[in-house]
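K.L.:
Chains as they are written, first to last, in my numbering: chain S, 498 to 863; chain C, 30 to 529; chain X, 28 to 327.
Ideal Cβ placement from N, Cα and C applies to all residues, glycine included.
Note that the structure is predicted; figures quoted are calculated from it, not measured.
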Amino acid sequence: MASVTFQNVIKNFGDVKVIKDLDFIVKDQEFLVLVGPSGCGKTTALRMLAGLEEVTSGQIQIDERVVNDVAPKDRDIAMVFQSYALYPHMTVYDNMAFGLKLRKTPKDEIKKRVQEAAEILDITHLLDRKPRQLSGGQRQRVAVGRAIVREPKVFLFDEPLSNLDAKLRVQMRAEISKLHQRLQTTFIYVTHDQTEAMTMASRIAVMNKGILQQLDTPQVLYDRPANLFVAGFIGSPSMNFFPGTIVVKGDAVEVDMDSFSVTIPEGLADTYKGMNGRKVIFGIRPENIHDPNFAPVNIHDQRVQAKVDVTELMGNETFLYMLNGKNTIVARVDPRSHKRVGEDVEVIFNMDRLHIFDAETEEAIR
Amino acid sequence: MEKTDFIKKNLPTILWGAALISLYFVFSSLIAPYSSGITLNSKIVVDRLKEIGGFLLGIFGALAVVEIYFYQIFFRQPTNQTSAIIIRSIQAFIAIVAILLVLYFFNATDLFRIGDGGLGKIVNAPLNLQEALKNALIKSKFASKTSAGTTASILLSLVFFILYAVIHFISKPRASKTGLAYLLILPAFIGVLFLIIYPFFFEIKLAFSNASLGTQATKNAQYGFIYGWNNFKTLFTGTVAQDAKFGAVLWRTVLWTVINVTFHVLGGMGIAILLNRKLMFKGVYRALLVIPWAIPTTIAAMALRNEFDSRYGLFNILLGDLNAWLLNLSLHTQGVIGIGNLFHWLATVIGPVSWKQDPFWAFVSVLISNIWLGIPFMAIVILGGLQSISQEYYEAAEIDGASRWQQFRNITLPLLSPVLTPAIILGVVWTFNKFDIIYLITQGGPQEKTDILVSSMYKAAFQFYRYGFTAMFALVIFAILFVFTLVYLKISGGLKSATE
Amino acid sequence: MKPNLISRSLRWFFYRSHGDSPFKTLLIHLTLIVACAIAVYPALRVITISLRPNDTLLTTDLRIIPQNATLDNYKEVLFGSPEKNRQSDFFLWIWNSLSIVLVTSIISVILAAVSAYAFSRFKFRGRSAGLVFLLTTQMIPAGMLLLPLYIMIAKLKMINTSLGLIIAYAVTSVPLTIWMLKGYYDTIPIDLEEAAYIDGASRFTVFTNIILPLSTPALAIAFIFSFMGGWSEYLVARVILQKNAIFTWPLGIFTYAQQFTVSWGQFSAASVLIAIPVMALFLYTSKWLVSGLTLGSVKG
Ligand SMILES: Nc1ncnc2c1ncn2[C@@H]1O[C@H](COP(=O)(O)OP(=O)(O)O)[C@@H](O)[C@H]1O
Ligand SMILES: [Mg+2]
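1) Can you pull the chain X neighbours of Arg-315 of chain C, defined as C-beta to C-beta under 7 Å?
2) Please name the residues in the segment 56-67 of chain X whose beta-carbon is closer than 9 Å to at least one beta-carbon of chain C, in chain order.
3) Looking at Arg-105 of chain C: is its Cβ nearer than 8 Å to the Cβ of Pro-216 of chain C?
4) With a Cβ-Cβ cutoff of 8 Å, do Ile-481 of chain C and Phe-464 of chain C count as a contact?
5) Starting from Met-704 of chain S, trace the beta strand (DSSP E) in both directions and tell me its first and last residue.
6) Can you have a look at Thr-714 of chain S and say buried or exposed, based on whether 16 or more other CB atoms are within 10 angstroms of its CB?
7) In terms of alpha-carbon separation, which member of S:Asp-525, S:Leu-546 and S:Ala-499 lies closest to Ile-507 of chain S?
8) Identify each residue in the segment 581-592 of chain S for which the Cβ-Cβ distance to at least one residue of chain X is less than 7 Å, and report them in chain order.
9) Which one of S:Phe-503, S:Tyr-818 and S:Arg-782 has the shortest CA to CA distance from Arg-721 of chain S?
10) Mapping DSSP to helix, strand and coil, what is Leu-310 of chain X?
11) Compute the distance between the beta-carbons of Lys-270 of chain X and Ala-137 of chain C, then report whether it is under 8 Å.
12) Just the Cα atoms here: how many angstroms apart are Gly-555 of chain S and Gly-548 of chain S?
13) Does any CB atom of chain X fall closer than 8 Å to the CB of Ile-428 of chain C?
14) Spell out whether any CB of chain S is found under 8 Å from the CB atom of Thr-16 of chain X.
15) Since Ile-180 of chain X contacts Gly-191 of chain X with CB under 8 Å, what's their CB separation in whole angstroms?
16) Is DSSP giving Val-727 of chain S helix, strand or coil here?
17) Within a Cβ cutoff of 8 Å, which residues of the same chain sit near Val-263 of chain X, ignoring the five residues on either side of it in sequence?
18) Could you tell me the alpha carbon to alpha carbon distance between Ala-615 of chain S and Val-290 of chain C, rounded to whole angstroms?
19) Between Val-278 of chain C and chain X, is the shortest Cβ-Cβ distance under 8 Å, so that the two count as touching?
20) With a threshold of 8 Å between beta-carbons, can Leu-208 of chain X be considered close to chain S, or not?
21) Could you spell out the range, first to last residue, of the beta strand (DSSP E) harbouring Thr-688 of chain S?
22) Mind checking whether the beta-carbon of Glu-221 of chain X lies closer than 7 Å to any heavy atom of ligand 2?
23) Would you tell me roughly how many angstroms separate the C-alpha atoms of Asn-95 of chain X and Arg-79 of chain X, rounded to the nearest one?
24) Once DSSP output is grouped into helix, strand and coil, what is the label at Tyr-261 of chain X?
25) Comparing the C-beta of Phe-654 of chain S with each C-beta of chain X, is any distance below 8 Å?
26) Apart from the five residues just before and just after Ala-154 of chain C, which ones in its own chain have a Cβ nearer than 7 Å to its Cβ?
27) Comparing the C-beta of Thr-214 of chain X with each C-beta of chain S, is any distance below 8 Å?
28) Which stretch, first to last residue, makes up the beta strand (DSSP E) that contains Leu-712 of chain S?
29) Can Val-513 of chain S be considered in contact with ligand 1, in the sense that its beta carbon sits closer than 7 Å to one or more heavy atoms?
30) Suppose the cutoff is 8 Å on Cβ atoms and the five residues either side in sequence are ignored; what does the same chain contact list for Lys-804 of chain S look like?
31) Give the secondary structure of Tyr-581 of chain S by DSSP, where H, G and I count as helix, E and B as strand, and everything else as coil.
32) With a cut-off of 8 Å on the beta carbons, I'd call Ser-142 of chain X and Phe-250 of chain X a contact; round off their distance for me.
33) Any heavy atom of ligand 1 closer than 7 Å to the beta-carbon of Thr-541 of chain S?
34) Among C:Glu-336, C:Ile-346 and C:Thr-471, which residue has its Cα nearest to the Cα of Pro-69 of chain X?
35) Could you check which residue in C:Ala-210, C:Asn-109 and C:Ser-169 has the C-alpha nearest to that of Arg-148 of chain X?
36) Tell me the rounded alpha-carbon separation between Tyr-42 of chain X and Ala-323 of chain C.
The structure is reproduced here in structure tokens:
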């Protein structure tokens with residue numbers, strides 16, 4: 498049961514600035530996912546919290562306690578490593594019991610807790626094996642088991658699923674979520690995979706180049722991304738971005754993209770009325786672009802002409818990659834709309850779901 | 030439950046103990062008390078254990094004192110100005126005592142002579158103090174004559190302990206990233222420095238002296254640049270042991286080293302490549318092939334020396350048989366023109382050789398012996414390297430159409446180089462310096478024609494007692510090896526991967 | 028049925044690895060068998076000589092088990108000889124060697140294990156220099172150290188004691204052992220240590236509970252190396268030990284070769300008795316040799 502606070506945390510490796518002013522709070526019992534592209538400093542942030550890496554400046558707190566100078570073993574945390582880091586010379590049982598033994602927990606208590614954890618994770622039959630006799634998925638479970646027997650205040654996960662195959666990953670994702678519900682403890686989970694983030698998190702912190710971009714619930718992140726990076730990072734396939742200019746024509750506000758232009762619906766237009774001539778980036782998610790035959794009703798629609806370049810049939814949906822001037826438009830449309838490559842088509846943008854970003858600062862304009 | 034567990038756990042130990050004890054009694058009852066010779070008895074054992082125990086206690090005690098000293102430097106800091114002054118002065122005091130002890134050691138072991146004058150008194154102060162304390166203890170009837178020495182030492186240790194305690198209590202902890210690293214390497218480095226660097230400096234000193242049997246080693250030796258120059262001149266113009274000249278011996282040493290290391294690496298590589306695959310009996314082959322390495326060198330050398338005996342040694346018996354067989358063959362093929370003569374000619378060429386008298390064959394005999402001894406080590410090192418190369422590289426190369434030789438050239442060799450580079454360097458250095466085989470098999474004979482630099486040096490020191498000359502000799506050998514290593518590292522791209 | 032069986036057993040014998048034809052496999056086996064014979068034969072000859080009766084020591088016979096094989100030589104080596112009214116020094120030599128070499132190996136493995144850890148896991152000033160320095164010490168000829176060492180040991184009045192030899196042996200084996208162990212530690216992932224820190228271990232616990240158990244092969248090899256180095260060392264011992272009572276076995280068995288009549292039979296019998304336990308130890312650990320002997324190799 499604990500909250501975690503990063504206060505103006507900075508980390509440099511020599512001259513390389515890896516973390517630039519990280520500042521956020523993880524609430525008690527929260528499942529926070531730290532997501533971002535590879536090399537953005539997620540692992541470094543997590544390792545600083547674990548005490549494996551020193552903080553260059555700033556403070557890290559667990560609950561009210563500043564832990565900058567506290568040894569890892571005294572922080573009451575547990576961590577699941579990407580490589581699992583199971584001790585090769587110990588059996589699964591000993592791997593899980595090691596932390597408890599070091600803390601001088603009574604033998605019966607150790608046995609009880611290991612059994613319990615093993616049952617939760619369904620690895621009771623593996624307790625006598627050595628790590629090298631286990632499959633990847635089993636090792637992963639043992640690594641998680643080693644963390645939960647300790648009953649720590651905070652669980653740290655560093656890309657724990659990235660070494661598993663796709664199917665196992667989906668399964669483990671659900672199990673870790675269940676585990677969080679069951680244990681009711683603070684989880685901090687690092688991944689570069691936005692799907693993992695979206696499916697598991699209570700809140701997501703998006704990082705890029707050592708800077709926190711946005712921290713909010715998955716839904717808010719999806720609906721109202723704070724900037725171009727978050728908008729592009731969250732959601733798959735990525736949001737369409739078209740550079741353009743705002744043109745105010747009396748009451749109507751349009752965004753001109755050279756090869757086509759769109760009209761901003763009345764309810765949203767007020768914000769942009771005073772911005773005539775401003776360079777912006779217009780964004781819309783593929784799922785908000787429709788085939789006219791299957792478009793939802795009661796939306797502010799905007800028809801756009803394009804030529805189909807590639808189609809990807811997924812069965813339950815179809816991805817259309819279309820060209821319009823210099824712009825590529827990606828749409829995720831109803832599988833019944835049979836478009837052929839090379840065909841000239843008309844698609845409908847759902848203008849209620851538009852995003853507009855400043856071309857220079859890349860911040861969302863709302 | 031607990032009890033049976035205990036017995037179960039310790040049963041093997043108990044049985045081993047019982048077996049060893051009964052073995053001891055069986056043997057001691059079997060060994061008859063004859064007049065000459067010495068029997069191993071419990072007194073000898075106990076004395077040795079005492080000697081070694083005391084020694085270890087002393088060494089580890091001294092190491093502990095040094096370690097605590099540096100621990101306090103790295104991990105404690107003064108709390109205020111007063112404590113800073115006290116701590117630094119205590120540390121300075123201990124440092125001075127330590128330096129005096131080291132100087133005393135150098136003085137006592139002749140690295141330099143301080144004499145008994147003022148400086149000598151200062152250097153001897155710490156030990157004189159112990160002596161004085163001891164005498165005082167005896168006088169005051171505080172301790173008996175036998176225990177006074179120990180008591181005095183204990184009292185002095187107590188002083189150190191108190192000084193450390195003072196530092197500890199007036200300081201506060203401090204974090205140090207690298208302090209622990211230095212504390213960890215300290216014991217090994219103290220040992221290495223004392224026992225390698227000290228002799229090294231001693232050797233430099235000796236090199237510039239005329240120390241010999243006539244001067245009673247270092248007792249009456251004269252030191253000066255001129256002696257060094259003389260030694261140096263003698264080395265290159267005079268004889269290095271009895272008759273041999275430096276140039277000839279150096280050339281033989283280079284031959285010795287190159288031939289040995291070449292065969293070691295090639296042979297080792299061959300065996301490693303053969304073993305680096307799935308193979309029946311692989312474990313058996315490996316175990317049998319390391320036997321030359323497993324046999325104690327002394328025994329192997331003596332066994333091989335016997336095999337080079339001109340009449341009863343294996344090699345000449347085999348060569349004799351071969352000779353007889355060829356002769357026989359030439360008799361039977363006399364009629365066939367060419368072949369008969371060929372066999373006859375072969376029979377005159379191939380036959381027993383005099384391994385002991387002929388310098389060439391004597392050299393061949395030590396070469397054969399050392400090659401035989403050295404291949405397993407290289408084979409195992411290379412096998413380790415080969416096993417760490419992933420099979421995927423070869424599969425990729427095969428898909429790219431690389432031949433076996435190209436795979437060896439472009440995958441095996443480069444990926445093996447982090448292992449091969451240090452192994453070859455060490456191989457060369459060790460072989461260059463390895464003379465126990467030569468010493469045991471030929472004693473450098475006949476007429477010093479199988480001596481290499483190091484064995485000549487050993488003779489110069491311990492047969493001809495030319496100490497000063499030997500020291501200069503040793504320095505030159507070291508310089509040769511050092512230059513070789515530097516050049517080799519330059520060429521092969523260095524030890525980066527290993528020292529990083 | 029029958030051809031199948033034959034081909035099956037043939038395949039069993041020529042266990043076919045990737046791409047090796049049966050003919051090639053046969054050749055590999057033949058080569059290895061010849062190599063093994065060359066490696067083993069001289070050792071077998073020592074046993075042969077030790078079994079010969081005293082009157083047929085000199086013979087051109089090449090049989091491994093000689094005619095009229097006898098254990099007389101062993102008996103004399105172990106229990107002395109009534110005819111010469113001479114006791115056996117064999118156990119004394121073994122004890123002298125063992126007590127010196129065991130202590131040496133233990134000291135040098137402890138020192139090396141600890142400093143190699145620092146070299147492997149810490150970045151500190153002088154690290155590379157230290158490693159290169161250790162390698163440089165290997166270039167100093169043993170004979171070069173011998174003379175000053177002899178003078179030093181003489182001045183310290185340690186001639187004819189085991190301590191002089193212990194010091195000399197321990198220090199000469201430490202530098203190489205450090206290199207070997209450092210190379211091995213480098214292959215142990217740092218993740219394991221970090222996991223242990225988080226589990227609640229101190230640096231010391233990590234060293235004893237993670238690093239040491241995981242480097243058993245390298246530690247065993249390091250121990251064997253120091254042991255073998257000192258166990259059969261002759262030249263340094265010859266200079267430092269001059270009294271019969273303190274002789275190590277390499278000095279001891281040469282007394283068989285230096286008496287008026289060279290007793291090769293006893294020399295060989297003693298050699299066999301000494302070599303067999305050591306070789307057994309060595310062969311037992313040979314399964315670790317390949318993985319444990321990492322001369323600065325990097326993880327591939
Ligand atoms: N010990 C280190 N020394 C120097 N640079 C490092 C070190 N560890 C990480 N980095 C650098 O810090 C950046 C962030 O690394 P990391 O936190 O591992 O990224 P992520 O986990 O988000 O992929 C990377 O550019 C990496 O190269
Ligand atoms: Mg990472």
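P.N.:
Concretely, from the data shown:
1) Listed along the chain, the chain X residues whose CB falls inside 7 Å of the CB of Arg-315 of chain C are Ser-313.
2) Going along the segment 56-67 of chain X in chain order, one finds His-56, Thr-58, Leu-59, Ile-60, Ala-62, Cys-63, Ala-64, Ile-65, Ala-66 and Val-67 with a Cβ nearer than 9 Å to chain C.
3) In this structure, Arg-105 of chain C sits away from Pro-216 of chain C, with a CB-CB distance that is not shorter than 8 Å.
4) Cβ atoms of Ile-481 of chain C and Phe-464 of chain C: closer than 8 Å.
5) Secondary structure note for Met-704 of chain S: its beta strand (DSSP E) is the uninterrupted segment 700-705.
6) By the Cβ-count criterion, Thr-714 of chain S is exposed, with fewer than 16 other Cβ atoms from all chains shown falling within 10 Å of its own Cβ.
7) Looking at the Cα atoms, S:Leu-546 is the closest of the given residues.
8) Listed in sequence order: Ala-582, Tyr-584, Pro-585 and His-586.
9) Of the candidates S:Phe-503, S:Tyr-818 and S:Arg-782, the one whose C-alpha sits nearest the C-alpha of Arg-721 of chain S is S:Arg-782.
10) Looking at Leu-310 of chain X - three-state DSSP - the assignment turns out to be helix.
11) No Cβ-Cβ contact shorter than 8 Å links Lys-270 of chain X with Ala-137 of chain C.
12) About 14 Å.
13) By this cut-off, Ile-428 of chain C is not an interface position.
14) No information on residue 16 of chain X is available, as it lies outside the stretch 28 to 327 that chain X covers here.
15) Indeed they touch by this definition, with Cβ atoms about 4 Å apart.
16) Correct three-state label for Val-727 of chain S: helix.
17) Within the same chain, Val-263 of chain X has close Cβ partners Ala-169, Leu-173, Leu-176, Leu-192, Ala-195 and Tyr-196.
18) Cα to Cα, Ala-615 of chain S sits roughly 56 Å from Val-290 of chain C.
19) It does not: the Cβ of Val-278 of chain C has no partner Cβ on chain X nearer than 8 Å.
20) The beta carbon of Leu-208 of chain X sits no closer than 8 Å to any beta carbon of chain S.
21) Annotation: the continuous beta strand (DSSP E) that includes Thr-688 of chain S extends over 683-688.
22) Checking the Cβ of Glu-221 of chain X against ligand 2 gives no.
23) Approximately 7 Å between the Cα atoms of the pair.
24) Coil at Tyr-261 of chain X, not helix or strand.
25) So, not an interface residue.
26) Answer for Ala-154 of chain C: Leu-129, listed in chain order.
27) At a cut-off of 8 Å between beta-carbon atoms, Thr-214 of chain X makes no contact with chain S.
28) Its beta strand (DSSP E) spans residues 708-713.
29) Because some heavy atom of ligand 1 lies under 7 Å away, the Cβ of Val-513 of chain S counts as near it: yes.
30) Around Lys-804 of chain S: Met-819, Leu-820, Asn-821, Gly-839, Glu-840, Asp-841 and Val-842.
31) If DSSP states are grouped into helix, strand and coil, Tyr-581 of chain S belongs with coil.
32) The Cβ separation is near 16 Å, so there is no contact.
33) Relative to the non-hydrogen atoms of ligand 1, the Cβ of Thr-541 of chain S comes within a distance shorter than 7 Å of at least one.
34) For the options C:Glu-336, C:Ile-346 and C:Thr-471, the alpha carbon positioned closest to that of Pro-69 of chain X is the one of C:Glu-336.
35) With distances taken between CA atoms, Arg-148 of chain X lies nearest to C:Ala-210 out of C:Ala-210, C:Asn-109 and C:Ser-169.
36) The predicted position of Tyr-42 of chain X is uncertain, since its pLDDT is 45 and thus under 50; no value can be drawn from it.
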